[in-house]
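Residue 1026 is where the sequence shown starts when you use our numbering, and the numbers rise one by one after that.
Even for Gly, the Cβ is constructed at its ideal location relative to N, Cα and C.
None of the values given here were measured: they were computed from a predicted structure.
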Amino acid sequence: MASSHRSSPVPPSKSSDTFIKREVDSAKRFRPVQSLPDVCPKEPTGDPNSLCDSPSLVADQHRWTIYHSKVNLPAALNDPRLTKRESDFFTKTWGQDFVDIEVVPSLYLPQISKELFVTYQQEVVQREKIHERCKTICPPKDTFDRTLLHTHDKSRTDLEQVPKIFLKPDFALEDPLTFNAVLPWSHFNTTGGKGNRDAASSKLLQEKLSHYLDIVEVNIAHQISLRSEAFFHAMTSQHELQDYLRKTSQAVKMLRDKIGQIDKVMCEGSLKVLRLSLTRNNCIKAYNKLKLMATVHQTQPTVQLLLSTSEFVGALDLIATTQEVLQQELQGIHSFRHLGSQLCELEKLIDKMMIAEFSTYAHSDLNRPLEEECQILEEERLVSLVFGLLKQRKLNFFEIYGDEIIVTAKNIIKQCVVNTVSQIEEIDTDVVVKLADQMRMMNFPQWFDLLKDIFSNFILFLKRIKATLNVIRRVVLLVLDKNQRSKELGDTSAQKNSAKDSTIDAELVYLAHEGMFISDAFSEGDLPSAAAYSASQRNLSPDSEPSSSDSVSEPECTTDSSSSKEQTSSSITPGGIDIMIGEDIKLSELELGRLANNIQDLLYSASDICHDRSVKFLMARAKDGFLEKLNSTEFVALSRLMETFILDTEQICGRKSMSLRGALQSQANRFVNRFHEERKTKLSLLLDNERWKQADVPAEFQDLVDSISDGRIALPEKKTGAPEERKPTDFLVVDGQKYAVVGTVLLLIRIILEYCQCVDSIPSIATDMLTRLSDLLKYFNSRSCQLVLGAGALQVVGLKTITTKNLALSSRCLQLIVHYIPVIRAHFEARLQPKQFSMLRHFDHITKDYHDHIAEISAKLVAIMDSLFDKLLSKYEVKAPVPSTCFRNICKQMAKMHEAIYDLLPEEQTQMLFLRINASYKLHLKRQLAHLNVVNDGGPQNGLVTADVAFYTGNLQALKGLQTLDLNMAEIWEQKR
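This is the structure:
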């Protein structure tokens, strides 16, 4: 058998060629298996594929890589919580909590039953019979030896006799349990009476184990016999394989010799050049790093130098740049491990210093003398402070300025009071200590000058605040504008960077070809920024000196870095200061906009503070009723001063402050009440003392009326020169008409003009004045009615009777007031808001009341004559002599009436009145003639009556102004039907 295998043909060279060709073909078909990553990093070569991103077993041993992706498959498939192995897949997967429920059959799938396969079975059964018959006739042609199968089954049966413990993979006799199971201890126990039986059992055990060994050896020999051909073929091929290995070893040795020669001649020098180039680059980087460390080491002295000159922005920029360099360029440097925390503490210290410095600046700016022409104090210092505070996000710095405004406003008032009191000799400051008490001892001119001084100082104070806040607000707006432009530039650069990303792969290939580490190549991109930082530090550091070896790093620092730390742009403040706005002020547009609005609100707040302090000053002076005791001239002057101050503050701040205006309105209301009560009391006293006789009209009242006719509703100014001697007149001439008036009405007109003049001086009280003036006119109407028509003057003044002259004079006075009501209405209408025009209806009601009163007086005059006619004509008898006594008395009374009213009333009103009196006379005469049965028949009685009537007509028409009066006496006769 051995000879047969030994004589087996050795594969010829042709077969070896075939083998090599097959290996080549397989290499073409299949991708080469990647080898495990090198333990140690290799030097970079020119092969781009050598730069793989596979993890390293050494460098990545402490972090998770793909080599840790191992799992114990049996542990993953077995659930230790289960007591038995379930065959169900879902229970294995989802655990013992899985509940198997019956699946509801689908409505879309048909029900399959065995009946559906009957036809198929009938068709196949015949074919199956034919197939079985063919199998028995023609056995299958295979080379499988049935004897081998039988032998395999037999050997399998023999192996089943061997206990399973011998076939376990962890079988070891060292284990006590395994040893006791294989060799029971009881078989070796020879003590006692059972020694012979134990020896027999031990011998039986030995035979059994020998039997098991024979079975295993037979099976092993059987298996070897089954594979003997392949085994002996491998043994015979061993010699040929050794020849192949020897030839291969010689070829490899020759190849290595050639490669060594090539390496020595062609590569060793070039690689040394590359190695030296890398060494030089590393030295340059180390030198730049050391130089950067030296510069960073000078950070703290430089910051202290900057802080000594209040350069807070420069110190903060230097700290921020140093922090960034420590985190990026110098990360992990042991000597700088505490520098970051020290710089953080230094930054906190700078924050406190800036807050204290801004507070000092605000105090100095607001408390310097107001007479200085410079509106802004040290604008450069202010701009630097604001930028520093914005950089540190201290956005509440304006609250410090607001608190200082409140304190300064109090001091302004206090200083003004002290200065004024020191100039008044009547006030003894040793006796009166409190400033409020000293202020209350001033008279109105002194106090008015003090208030004027306070208002002027507040105006200068607000202008100064506005100038300072404008600088702060414009700085904030500059930063906001810079942020917006940076955002636009960022969007544009993002589009450009997307185009640059496509060239990264080509750059990586080039770097690999040049023999540089990619990580080193990328880190060199940060060198320009580090060098720029070093240069800036050298310019700021007082101790640093230029190095002679700086030229070594110059080529590395000439290019612009894409990761530069800070970009700045130049801007000019309103004061002409050139400033640099850095991108490190990381404030959002919302925050900057809110801050700008808060600064504007601070200006409004300053205006409100000045108004509030002014209100407190007024209220302190008004405690003893000082303001309520002012006359109209003084209050008007005070009101105009306050209105001027209010308008000036509105012009400066751009917003209305209501506190001082409200206080002025409150004082104006009190003034209006007192003003009205004084005038009403004065009018009441005049009416109670009025005797209702025609008064002489002084020349000044005529001038007053004339000025109203010229369109000026104002009191005439007092003439300083010698007064002209002008005699008073009997009548007041208004627009060509004569008005006979009483003295009360003349004073009432002057009072009305005072109301109108107050409205001109204090426009805010127009509505109150209109209401009070309406009340005054109503009071005059009602009181005059009580005194004249109601005969109240009999008891109040002591008149004996109310004559027709009194009535006519009262009517004429009322007509004069009615004449001026439209003028007063137009005056108020020009000074009211359109929404207040509804209040003008008071003048319409007053006009109606006055006309009704005038009509009542006319009716009263007619009623007087009517009662006289009734009394006289009721005794009238138609008899001689003619004219009769009755008609003589009537004509006499008519003449007295005419004499009483003619000079008081206009001619038209006199005619109308006498027409009404004549109508009453005709009515009574007609009634009496009807009673006497006197008719117009031309008889004697008719003649007597006609003669009396003719006498009455002649006398009446003979009166002055009644010549053309149409009496129509024919109406006294009854008309014949």
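query                                                                                                         : result
Same chain only: Cβ atoms within 6 Å of Val1759, ignoring 5 sequence neighbours per side                      : Val1730
8 Å Cβ cutoff met for Val1501 and Ile1624                                                                     : yes
Residues near Leu1984 by beta carbon distance below 6 Å, same chain, minus five either side                   : His1923
Beta-carbon proximity list for Ile1776, same chain, < 8 Å, skipping 5 on both sides                           : Arg1704, Lys1707, Leu1708 and Leu1801
8 Å Cβ cutoff met for Leu1628 and Phe1423                                                                     : no
Given 8 Å, three or more beta-carbon pairs between the stretch 1440-1452 and the stretch 1460-1473            : yes
Option nearest Leu1685 by Cα separation, candidates Thr1796, Val1697, Arg1665 and Phe1700                     : Arg1665
Spatial distance of Met1291 from Gln1263 (CA atoms)                                                           : 41 Å
Cβ-Cβ separation, Phe1480 to Ser1409 (assumed contact under 8 Å), whole Å                                     : The Cβ separation is near 35 Å, so there is no contact.
Straight-line gap, Lys1228 to Pro1209 (C-alpha atoms, nearest Å)                                              : 13 Å
Spatial distance of Glu1513 from Ala1340 (CA atoms)                                                           : 29 Å
Rounded straight-line distance, which links the Cα of Thr1385 to that of Val1328                              : 21 Å
Length-filtered (4 minimum) alpha helix (DSSP H) runs lying within the stretch 1694-1744                      : 1724-1734
Status (buried if at least 16 other CB within 10 Å, exposed otherwise) for Val1813                            : buried
Buried or exposed by the 16-neighbour rule on C-beta atoms within 10 Å, applied to Val1129                    : exposed
Beta-carbon separation (whole angstroms), Ala1925 vs Ala1816, contact threshold 8 Å                           : 17 Å between Cβ atoms; not a contact.
Identity of the residue in Val1784, Ser1789, Ser1799 and Thr1829 nearest Leu1773 by Cα                        : Ser1799
Which of helix, strand or coil DSSP assigns to Gln1934                                                        : helix
Counted within 10 angstroms of its Cβ, other Cβ atoms place Ser1544 as buried (16 or more) or exposed         : Any reading at Ser1544 must be qualified, since the residue scores a pLDDT of 38, below 50, and its modelled position is unreliable; the value itself is stated next. Exposed, because fewer than 16 other Cβ atoms sit within 10 Å of the Cβ of Ser1544.
Alpha helix (DSSP H) segment containing Tyr1145, residue limits                                               : Val1143 to Ile1162
Meets three-Cβ-pair contact criterion under 8 Å: the stretch 1937-1951 and the stretch 1886-1906              : yes
Proximal residues to Glu1715 (C-beta, below 8 Å), its chain only, five neighbours per side dropped            : Val1767, Gly1768, Thr1769, Leu1812, Ala1818 and Val1822
Reference Ser1018, options Leu1301, Ile1375, Leu1475 and Leu1303, closest by Cα                               : In the structure as shown, the chain starts at 1026 and stops at 2002, and residue 1018 therefore has no counterpart that could be examined.
Under the three-state DSSP convention, the category Thr1754 falls into                                        : strand
Cβ neighbour criterion (16 or more within 10 Å) applied to Glu1354                                            : buried
With 16 other Cβ atoms within 10 Å as the buried cut-off, status of Lys1316                                   : buried
For Gln1471 and Ala1851, the rounded distance between their alpha carbons                                     : 38 Å
Check whether Ile1738 and Cys1781 have beta carbons under 8 Å apart                                           : yes
Residues sharing a beta bridge with Val1821, DSSP                                                             : None; Val1821 has no bridge partner.
Assigned exposure category for Arg1362 - 16 Cβ within 10 Å defines buried                                     : exposed
Member of Leu1615, Val1143, Glu1403 and Ser1639 whose CA lies at the smallest distance from the CA of Leu1475 : Ser1639
Interface flag, Phe1204 vs chain C, CB-CB below 8 Å                                                           : The structure shown has no chain C; it contains just one protein chain.
Span separating the alpha-carbon of Ala1225 from that of Asn1244                                              : 29 Å
Identified DSSP bridge partners for Lys1763                                                                   : Val1758
Buried versus exposed call for Trp2014 [16 or more other C-beta atoms within 10 Å across all chains shown]    : A query on residue 2014 cannot be resolved here, the shown segment of the chain reaching from 1026 to 2002 and no further.
Spatial distance of Pro1567 from Leu1303 (CA atoms)                                                           : Any answer about Pro1567 is weak, because its pLDDT of 39 lies below 50 and its placement is not dependable; what the coordinates show is given next. Using only the alpha carbons, I get a separation of about 35 Å.
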